[in-house]
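The next block holds one structure in the form of structure tokens; read it before the comments.
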Amino acid sequence: MTAPVMAPDSAPAEASVAPAGADAFRGRNRPPWFVLIPSTAAALVAVAPIWYLVDRAIERGWGEVADELWRDSTRDLIVRSVGLAVAVTASSVAVGVTAAWLVVRSDLAARRVLGVVFALPLAIPSYLAAFAWVSWRPGLAGFGGATLVLTSVSYPFVYLPAAAALRQLDPAQEEVARSLGRRRLDVATRLTLRQIRPAISAGALLVALYVLSDFGAVAAMRYEVFTWVIYGAYRAGFNPSRAAILASVLVVVAMVLVVLEAKARGRAAQSRLGGGAARTGTSVSLGRGSVLAWTFVIAVIGVAIVFPVVRVLQWVATFESTDVVWSDVGRALTSTVSLAVVAGLTTVLIALPVGILAARHRSRTSAAIEGATYVTHALPGIVVAISLVFIGVRLLRPIYQETPLLLLGYVVLFLPLAVGSVRSSIEQSSVRVEEVARSLGCRPMSVVWRVTVPLAAPGLAASGALVMLSTMKELPVTLILRPTETNTLATELWRFTSVSDYANAGPYALALVVFAAIPTALLSMAGSTRTQESSRG
Amino acid sequence: MADPTGMQPGGMQPGDSAGATSPALEIRGVTKSFGHHLVLAGVDLVVPARSVTAVLGPSGGGKTTLLRIVAGFDHPDSGTVTIDGEIVAHGAGGRAPEERRVGVVPQEGALFPHLSVAGNVGFGLRRHDRRAREARVAEVLELVGLSGTERKRPHELSGGMQHRVALARALAPHPAIVMLDEPFSSLDAGLRAHVRAEVLDALRASGATAVIVTHDQLEALSIADQVAVLLDGRIAQVATPSEVYRFPTTLAVGTFVGEAVVLRGELLRASASGAEMVIRARCALGDLPISPVGTSSAQHEHHEHLAPGTVLDVLVRPEQLILSSHRDGAERAEPAEGAEGVVIGRQYYGHDAVVSVRLRSGAVVTARLQTTLLPDTGDTVRVRAAGSVAAFPSREG
């Protein structure tokens, strides 16, 4: 649940192209101190958890690490985790590519609406979906249920880039292939599929990363994969280094996925020709296949969206309303929102200098600093949480189990999300404008406040909102780092559902859907229309 | 001109009363390369105060880089930039852009989209004195002919208006120099001449020193007091527009600043014509005088050191060529002048026309003619050149 909510444009952008005018900065382009110092600090904050995690993992020596890794239970754990990741990724690719093809290339009715609807499950917290299913059929718990739920929330990671790649294809190529005597199916597999393959692999790797990072769904489904076992080891208390060692293994696997994903995305960008197709391809007539297509559409939307929402409404219906409970819900909502607002503002403020550095002052140093803030992109929430516990216990005793440490957790977790979009919103405006400001006598720091920030304001606001909403839905970091008296919607929902008290969980689930999931969906929709418009212009 | 608010003491110091031209901008030995690509190979340029100087060069020839170095956005690898007597760039060291008093009007205008016209124009003015700021904003907006647009947003203005706002913004803080980067290239042809005239009027009225970077020859020749031709990373010639056009210092300058017919020729022995010595070049169009003694052109002196018989490239402007019909009885009287040829093509432009003629020698020349009495394709005509021509020792010769 901690993977970025909107994948395609907010993901880290090492592979992105240089902005126009970057060549002008090849000369001396030293970033000013008020950019360099805070970004270095941000990079250190981002990297610190990993440092402490590894430190904790090896504190009893490498022998201990080896013993831990060679245990049968560890081997089973790895097999289960990888198995789940493979299963979810495979089914997500099947669902995502089919959905993308139906939306972009078929003559299915209401394609435009479906195009948006198919992306919505991204906004639903995985634990909410998981609880919706186990509360209905407890027998679903385990591998099957986890695969179902994780597929239903993560297939949009494949659907979105696949649909984008299909839209970019030049229909003339397919027409030429047909005119050269190839049959339609042959063209679809040999030409079309092959061309969008890089986009699909990038999406598939994001799904795998999401599955390995997810805590809520596997916890609800009681399926023992890395995140859930790490949480157990942490809760058991007596063996923190086992938690640290397993977390380190998870980090290594996640890092590999992040690197592969960046490479796949680079290939996807390369294979794209020109600024998009001159015209959209002729849509393929489904004919009798449309019955099959609609069965697919209804099944996907029913499983991924309708079912969880209906379940939540059922919980609310069975719930016995009392004033006391409503005031609890109100308190949880208040603390959720206030935490989220502060986390959003803080994260964007910390991401701002890094974004400026990355967008305006290209160099090896700035690439290293930006890269460091992306490292946590590979860190599952549960790993961030327990590393901050180690840091809190050792270094930051005064704020351990206090709000500031929780906020630090959110910052570490969501910094990559913010840096990516802050950077791209700064790149949207031309360097020329800032240069003109300087030639008019404006000092570099006031250029930032008078020109750079106002121009990037819409993007900054959007990324702040994204961080806010992600914070509201966040579970493991909140669960582990929150002050004991602080209850949020997510933790209350967790508390009630884990004892199967769904009636009492109802109001919290509803509040979460209304205040977090729906705004996230709206925001990502606004974001995607904006991207489409700007790419058109 | 009057410096109405006098906000910048020392801005226009000595030149005013004394008439001694202390240059507003002096560039010495500036070099710049990007990677292995040498863009500026030692640029020297002096811009007198209150003049309009055009830096003319081909696209991608380093003009914008030079502008950015003067403005302080880029740093030269070596060389110095001096503004109003103060060295502002010295290799990689020097003053920050905000300390240089160089107003910049970028190619695309680069107005601040989040600010109104008044906000844009007032951006570089000191913020504490609101009344003085508003007065100055109104003043420069009037100068560029945009009074009353204070509250408009940049996107509500036409391209030409945006340019004038950008100019007003650059002029507002009384800069030592204003630099305009291809200011009119984004405007369509019909609008360009109009906006150009307006911008020039505003520049002259403000009394500012201006440097206009352009790749458009007509633009450079028509608006500037002096034209600096930037070729191969160096300033090949700095002179008045007519001098650059009529007496280019190199063949490259000559062919770059305007259309040219280049003929192979040879240097003749100097001969006396009245009190003056005349040096002629013999080419397919006959014996043509090389730029007369008395012009400031250095090339003439140079020719005096060349041996007669030296192979030359002779540069003739199309409008120097006069065509006369072969059948004209009057022309037959002076057969020695010019050369015979056959018209092989013509392009009609309305106000004038360009006619291509293949001479007996095989050389093809183009003449720019009035559109009355145009010869037809296939006609035999006599071609002669009026006035003196530029000539350069041929590299291939």
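Chains as they are written, first to last, in the numbering used here: chain Y, 16 to 552; chain P, 914 to 1310.
Ideal placement from N, C-alpha and C gives every residue a C-beta, glycine not left out.
Quick caveat, the model's predicted, so the values are computed rather than measured.
Query, Result
"Between the Cα of A1304 of chain P and the Cα atoms of P:A1083, P:L1056, P:A962 and P:R1177, which residue gives the shortest distance?", "P:R1177"
"Within the 7 Å Cβ cut-off, does V1302 of chain P reach chain Y?", "no"
"Flag G1312 of chain P as yes if its beta-carbon sits less than 7 Å from any beta-carbon of chain Y, otherwise no.", "Because chain P spans 914 through 1310 in this model, residue 1312 of chain P falls outside it and cannot be assessed."
"Cβ atoms of N1033 of chain P and V1078 of chain P: under 7 Å apart, would you say?", "yes"
"What does a CB cutoff of less than 6 Å around Y174 of chain Y pick up in its chain, not counting 5 residues either side in sequence?", "G111, A114, A115 and F133"
"Just to confirm before moving on: does the CB-CB distance between L129 of chain Y and V118 of chain Y stay below 7 Å?", "yes"
"In the stretch 992-1006 of chain P, which residues sit with their C-beta less than 9 Å from some C-beta in chain Y, listed in chain order?", "A1005"
"Excluding the 5 residues flanking S1029 of chain P on each side, which residues of the same chain have their C-beta closer than 7 Å to its C-beta?", "E1063, R1064, K1065 and R1066"
"Note the first and the last residue of the continuous beta strand (DSSP E) segment covering P961 of chain P.", "H950 to P961"
"Where does the unbroken beta strand (DSSP E) through D87 of chain Y begin, and where does it stop?", "Per DSSP, D87 of chain Y belongs to no beta strand (DSSP E); it is in the alpha helix (DSSP H), D87 to R120."
"Give a yes or no on whether 7 Å exceeds the smallest Cβ distance from E1011 of chain P to chain Y.", "yes"
"Could you name the residues of chain P that S454 of chain Y contacts, counting a contact when the two beta carbons are closer than 9 Å?", "A984, G985, F986, P1010, E1011, R1013, R1014, V1015, G1016, V1017, G1037, A1083, P1088 and M1092"
"Answer with yes or no whether the minimum CB distance from E449 of chain Y to chain P is below 7 Å.", "no"
"Looking at the unbroken alpha helix (DSSP H) that takes in A217 of chain Y, where does it start and where does it end?", "L208 to S228"
"Closer than 7 Å, Cβ to Cβ, to anything on chain P: give me those residues from the stretch 456-477 of chain Y, in chain order.", "G456, C457, R458, V466, P469 and L470"
"Quick one: what does DSSP say Y1262 of chain P is sitting in, helix, strand or coil?", "coil"
"Just to confirm my understanding: we take V325 of chain Y, look at its own chain, exclude 5 residues before and 5 after, and list those with CB closer than 7 Å. What are they?", "none"
"For the stretch 1273-1280 of chain P against the stretch 1167-1183 of chain P, do three or more pairs of beta-carbon atoms, one drawn from each stretch, fall closer than 8 Å, so that the two count as touching?", "yes"
"Locate the alpha helix (DSSP H) running through H1076 of chain P, then write down its first and last residues.", "G1072 to L1084"
"Can you find at least 3 beta carbon pairs, one from the stretch 420-432 of chain Y and one from the stretch 380-400 of chain Y, that sit closer than 8 Å?", "yes"
"Should H1041 of chain P be flagged as near chain Y, meaning a C-beta pair shorter than 7 Å?", "no"
"Excluding sequence positions up to five away, which residues of its chain have a Cβ less than 7 Å from the Cβ of A347 of chain Y?", "N502, T503, L504, E507 and Y523"
"To the nearest angstrom, report how far apart L490 of chain Y and A203 of chain Y are at their CA atoms.", "42 Å"
"With a CB to CB cut of under 8 Å and the five nearest residues on each side skipped, what residues in its chain are close to N519 of chain Y?", "F334, V340 and F511"
"What residue range does the alpha helix (DSSP H) around K488 of chain Y cover?", "V468 to K488"
"For the putative contact between A532 of chain Y and A138 of chain Y, defined by C-beta atoms under 8 Å, what is the C-beta separation to the nearest angstrom?", "4 Å"
"For A1197 of chain P, collect the residues of the same chain with a Cβ closer than 6 Å to its Cβ; drop the 5 residues on either side in sequence, then sort them by chain order.", "L1176, A1252, L1272, S1274 and A1276"
"When you compare the stretch 1106-1119 of chain P with the stretch 942-952 of chain P, are there three or more beta-carbon pairs, one atom per stretch, that lie closer than 8 Å?", "no"
"Considering only their Cβ atoms, is the gap separating L1286 of chain P from V1268 of chain P smaller than 7 Å?", "no"
"Pull up the DSSP beta-bridge partners for R1195 of chain P, would you.", "P:E1179 and P:D1200"
"Determine the DSSP secondary structure at E1250 of chain P, reduced to helix, strand or coil.", "coil"
"If distances are taken between C-alpha atoms only, which option among Y:G247, Y:L220, Y:P171 and Y:V344 comes closest to I320 of chain Y?", "Y:P171"
"So is A1023 of chain P in contact with chain Y if we call contact Cβ pairs under 7 Å?", "yes"
"Nearest chain Y C-beta to H1027 of chain P closer than 7 Å, yes or no?", "yes"
"Helix, strand or coil for S1210 of chain P per DSSP?", "Summary for S1210 of chain P: the model assigns pLDDT 47, below 50, so the residue's position carries little reliability, and this model does not support an answer."
"Who are the neighbours of S445 of chain Y on chain P, taking C-beta pairs under 9 Å?", "P1019, E1021 and A1023"
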